[in-house]
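> For what it's worth, the working numbering labels the leading residue of the sequence shown as 91, then goes sequentially. Quick reminder that beta carbons are idealized off the backbone N, C-alpha and C, glycines included.
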Amino acid sequence: MAVENATKFIMSKNWTIQSVVKESGIISATTVVGKGRTLTLNVSMTSKKDGLDIFIITGVPGGIGVNGNEIKDEFCEIVSAAEPPIK
Numbered sequence: 091m092a093v094e095n096a097t098k099f100i101m102s103k104n105w106t107i108q109s110v111v112k113e114s115g116i117i118s119a120t121t122v123v124g125k126g127r128t129l130t131l132n133v134s135m136t137s138k139k140d141g142l143d144i145f146i147i148t149g150v151p152g153g154i155g156v157n158g159n160e161i162k163d164e165f166c167e168i169v170s171a172a173e174p175p176i177k
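Dropping the structure here:
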């Protein structure tokens, strides 16, 4: 369920899903910014007894300015989508 939730969230942020390997917990996505420059996003999730380990890596081409706070916020939103709080 975590992979599906994270995938839906990533798509809602205008990323194009390139591949999803549900069994391995891996999502790869891209988006185009500026003058056709491609950003990459890779998410890896591993189930643990007490939750998930989630690793997020993004690739930003040279010459692209990014706002670190916006990236951090989006990473946190991906984690929240993957593992919503228990009610």
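Can you name the start and end residues of the alpha helix (DSSP H) that Asp140 belongs to?
Element bounds for Asp140: n/a, residue is neither H nor E.
> Distance check for Asn104 and Val169, CA to CA, integer angstroms please.
So the two alpha carbons sit approximately 17 Å from each other.
> Would you list, in sequence order, the uninterrupted beta strand (DSSP E) runs of no fewer than 3 residues that lie entirely inside the region 99-162?
106-111, 116-123, 127-138 and 141-149
> If you run the structure through DSSP and keep just helix, strand and coil, what is Glu173?
coil
> Looking at Thr120 and Gln108, is the spacing between their C-beta atoms short of 8 Å?
yes
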